[in-house]
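J.: First the structure, which I've put down as C-alpha cells, then a few questions once you've had a look.
Residue numbers (UniProt numbering): 1 to 808.
Shown next as C-alpha cells:
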C-alpha cells in the first residue's frame, strides 16, 4: 500500500516554479511527484488555531498559543491553543486560503480583547516541499486598554530521528533579537527555523523581580519529550510554567504579588531537544514572523520576502476566487464576496494530514451478522467484549467537518467537502481521494471515521472510537470521481476548455495522465462496490417479497433501536422495533449511485463486460426501488420492514430518506412519481421551510423529538443535492420543468440567506439550521459541508417561468 510519505521520501524532483506554473512532465507519476512537493507543507493541524506541519509522520510541526496576562484569573481561563467550542471568540478562520500558496486567517478573540491574524505563505523550491513563513499579528480590540498584556507562545516539535538545535542562547534573561534553530531529519533534510524579534512594546515594571523577570526579551525553553507525547503542547507548556513559578513561590508577597505577566514566564534554557517553546510578552498590539527555510530550497527567506509574498498571495486568491466562483444574482453584490471567500477558505484551509494507529474490531463475531430478531442487543454484547485492537499506522490527507469538534476524517462528509474544492483545485482533490483509498482494506472496506493517533482519539468519546469492517457509510466520493471522469472525457474529446491553472488542473490539462489516474483507481472503486453489495445486502427471498430482482435490496448494518449511525442520518426515524428483514431506501439509492457512476467510468475506460453487468444491476435497482420502497398512498419512497404477520410492509417517515432516489439521480424526468416528490419537497406543511428543506416532516410524530438531530433541522448536504437536482430537472424538457424551476429559485435563495445571516450574527458557519428561525445550531465553525453554500451562490439564477404547465 503506497503511502504519501513514501512518495515524498523518494521524490527527487526540483520544483523551481510557483504552484501556478505548469507541470514539467505529463505522466501521472511525474504530476503526482510535483503535487507532493507543492502540497507538502500546510496548516495541516486543523485542530489548532494555527498549526503547520508537512505530510509526513516524522516531520517538524509548529503551533501557536496565546493568552491575556493582565490578571491572574485570566491566565488559564482564556488561554488559546486547540480550537474549542464555547470560547469567547466571535468567529475565526481563513479569510483567504489556497493550498498551493497560503492565505490569511483572522481570529476575533473577544475574551482576550485582541484580534489575531495569522498569515501563511509557501515558496516552492528544493526537494522537501520548499520553505514557508507565518506572520503572527495581534491588534488590540476597540475599547480594550491600550496597554493590554498578551503572552504569545510558539511551539516547535521535531518528531522522529531528527534533531533541532538553538543557534543563539542570549543571557539568563532571554534573547534580545531573533531566535534561530537549525535542524535536520530524514524527511526534511537540513533546515532552519527563525522566530523574529518582531514589532511591539513590552511591559516594564520596577519591583523585586525586575532584574530576573523583564518583558522585553524572548524566552526559549528546550526539552526532550517522548514522541507519543509531543502532541500535548498545552500540557507541556503548563508543566514548564509550573516549574518556573515554583522557583519564585518563596519570594512572592501574597499580599502584594508581582503582575501576572512577570510570574508566568518560562525559564530561559535553550538546548538540544525535540520540543521548543518560544515565549514573547507584549503590551498592546504586536507582530512577528516564523520563517522555515529548507536547506535544499536555494534561497533564504527574510521578513521583507514574507511581506511581499503575503501581498502576492492575497491578490492571487482574490483574482482566482472571482474566476472560479463567479457568484450569480442575487448574491453577486459586495457583501457576499467576503462571505463566500470565508466559507470556501475555511473548507480548504481545514484540510489536514493525520497519521497513527486506529482501533478496529476484526473479531467478525457471529452477532455482527445481525440475523436474529433483537440483533441490536446481541451486537451490543459483542461490542462490550472489546475485541478491538490498534492497527496501523495509517495516513490520511483529508478535509474535516469542524476544526473544534470533528478534527478528523469522515467518509460520507468528504464527498461533499470535495465538491467546492474540485472547482478550485482538481489535483488536490485527486490527492485526497487517493489518500482515502489507501486506507481501504483488501475486502474493500474503508473506515467511515478515521481516528488516527492519540491526538485524534483525545477528541472522541470512547464509545465512538472503534471502527467495524462490516459497517458501511454513504459512498459520496463516487459523486466527485464521476464528475472528474466527465470533465476528463470532455478534455479528451475537445480539449480542456478552461484555462490551465498549473498543478491545480494538471490531470485535465494532460488527459492521458488523468486517464492513468482513473485506471489505477478503478479496481479500488470496483472492490468497494462489491464489498457494499455483499455486506449490506437485504433479504428478499427469505420473506417471499415480490420484486423484479431477487438480489437488489439493502439494509444498513450497525443500527440500534434509536440510531443508524452508519447511514449518516443518525436518529432519523426507522422501523420500530428493528428487524433483520428491514430494508433502507437511502442505502438502496446509494448503491444505485455507485452502480451508475461505476458504469459511466467503466464505459469511458472501455471495460465493456463491466458496463453490461453494471447496466443490468442499475436497471434492477431502479425497478426494485419502485417494487420495494414506493408508497403510492404516501406519494414518496419509504423504508420497509416485516410486520407481525411476517409480511413486507412500508415504514413511511416523510423527509430526507423519502427523497434519496430523486437526490441521487435515479428517477426519469417524465416519471409521474417525480411530480409527487416535488410536491413533497415544496409542501410547507411537510418539508419546505423559509430556511431550507427540513430533515423530517412537520407532521411526523417524531418531529423535533429525542435528540432532534435529523428530526427537523435543515442540513446543507441534502439541501445541496436537492438544489442541484432541481436545477437539473428545471433545465431539461419534461412535464415537471416549471415546478422544479420555482422550487430551485426559492430554495437556493432561502439556503444562502439563512447561512449568510447566521454567519453575520455569530461569526460562524453551523452544523445545521433551525427550520423555523434559521438560527445556526449544534456544532459551530462547521465549515465542512456547510461551505457548499459557495457552490449554491455560484449556480445560475433561474427566474420563475410563467409559461408551461406541469402535469402533477
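C-beta: ideal position from N, C-alpha, C; glycine also.
Buried or exposed, going by whether 16 or more other CB atoms sit within 10 Å of the CB of residue 390?
T.: exposed
J.: Since residue 68 sits in a beta bridge, which residues does DSSP pair it with?
T.: Per DSSP, 150.
J.: So, using beta-carbon positions, are residue 219 and residue 181 closer together than 8 Å?
T.: no
J.: Would residue 594 and residue 478 be called neighbours here (beta carbons separated by less than 8 Å)?
T.: yes
J.: When you compare only the Cα positions, how much space is there between residue 325 and residue 791?
T.: 7 Å
J.: Output needed for residue 657: all residues of its chain with C-beta closer than 8 Å, excluding positions within five of it in sequence on either side, in chain order.
T.: 569, 572, 584, 585, 586, 637, 638, 639
J.: Within the same chain, show all residues whose beta-carbon is closer than 7 Å to that of residue 643, passing over the 5 residues directly before and after it, in chain order.
T.: 649
J.: Taking all protein chains shown into account, do 16 or more other C-beta atoms lie within 10 angstroms of the C-beta of residue 473, making it buried, or fewer, making it exposed?
T.: Answer is buried; the Cβ neighbour count reaches 16.
J.: Check for me: the alpha helix (DSSP H) holding residue 164 runs from which residue to which?
T.: Looking at the DSSP string, residue 164 is not in any alpha helix (DSSP H); the run it does join, the beta strand (DSSP E), is 163-166.
J.: Nearest to residue 492 by CA position, among 516, 722, 469, 502, is which residue?
T.: 516
J.: Considering only the beta carbon of each residue, do residue 345 and residue 130 sit closer than 8 Å?
T.: no
J.: Suppose you measure from the CA of residue 353 to the CA of residue 39; what does that come to, to the nearest Å?
T.: 11 Å
J.: To the nearest angstrom, how far is it from the Cα of residue 620 to the Cα of residue 453?
T.: 42 Å
J.: With DSSP collapsed to three states, give me the class of residue 556.
T.: In the three-state reduction of the DSSP assignment, residue 556 falls in the coil class, being assigned neither a helical nor a strand state.
J.: Rank 616, 96, 502, 712 by C-alpha distance to the C-alpha of residue 311 and give the top, closest one.
T.: 96
J.: Pick out whichever of 660, 577, 581, 666 has its Cα sitting closest to the Cα of residue 615.
T.: 666
J.: Considering only residues of the same chain and omitting the five flanking positions on each side of residue 349, which have a CB-CB separation below 6 Å?
T.: Beyond the five residues adjoining it in sequence on each side, residue 349 comes within less than 6 Å, by CB distance, of 94, 97 in the same chain, given in chain order.
J.: Just the Cα atoms here: how many angstroms apart are residue 590 and residue 320?
T.: Each residue's Cα considered, the two are about 34 Å apart.
J.: May I ask which residues mark the beginning and end of the beta strand (DSSP E) holding residue 94?
T.: 92-98
J.: For residue 607, which of helix, strand or coil comes out of DSSP?
T.: coil
J.: What residues match up with residue 194 in a beta bridge as DSSP calls it?
T.: 180, 291
J.: Helix or strand or just coil, what does DSSP make of residue 661?
T.: Helix, per DSSP.
J.: For the candidate residues 577, 351, 158, 537, whose alpha-carbon lies nearest to that of residue 193?
T.: Nearest to residue 193 by C-alpha distance, out of 577, 351, 158, 537, is 158.
J.: Could you pull out every residue in the same chain whose Cβ sits closer than 7 Å to the Cβ of residue 147, ignoring the five residues on either side in sequence?
T.: Within the same chain, residue 147 has close Cβ partners 283, 284.
J.: In the DSSP output, which residue or residues are listed as bridge partners for residue 108?
T.: 115
J.: With DSSP as the reference, label residue 155 as helix, strand or coil.
T.: strand
J.: Only counting the same chain, and skipping five residues up and downstream in sequence, which positions put a Cβ closer than 6 Å to that of residue 596?
T.: 618
J.: Is there contact between the stretch 729-740 and the stretch 674-692, where contact requires at least three CB pairs shorter than 8 Å?
T.: yes
J.: Just to confirm the assignment, what range does the beta strand (DSSP E) spanning residue 128 have?
T.: Unbroken run through residue 128: none, as it is neither H nor E.
J.: State the beta-bridge partners of residue 467 as determined by DSSP.
T.: 360
J.: Rounded to a whole number of angstroms, what is the C-alpha to C-alpha distance between residue 306 and residue 278?
T.: 20 Å
J.: Using CA coordinates, which residue listed in 690, 693, 691, 711 is at the minimum distance from residue 700?
T.: 711
J.: Would you mind sorting residue 437 into buried or exposed? The rule is 16 or more other CB atoms within 10 Å of its CB.
T.: buried
J.: Under the three-state reduction of DSSP, which class applies to residue 819: helix, strand or coil?
T.: This structure cannot settle anything about residue 819, because the visible part of the chain is limited to 1 through 808.
J.: According to DSSP, is residue 22 part of a helix, a strand, or is it coil?
T.: Caution is warranted here: a pLDDT of 47 is assigned to residue 22, below 50, making its placement in the model unreliable, and the coordinate value is therefore given only provisionally. The answer is coil: DSSP assigns residue 22 none of H, G, I, E or B.
J.: Give the straight-line distance between the Cα atoms of residue 363 and residue 442, rounded to the nearest whole angstrom.
T.: 16 Å
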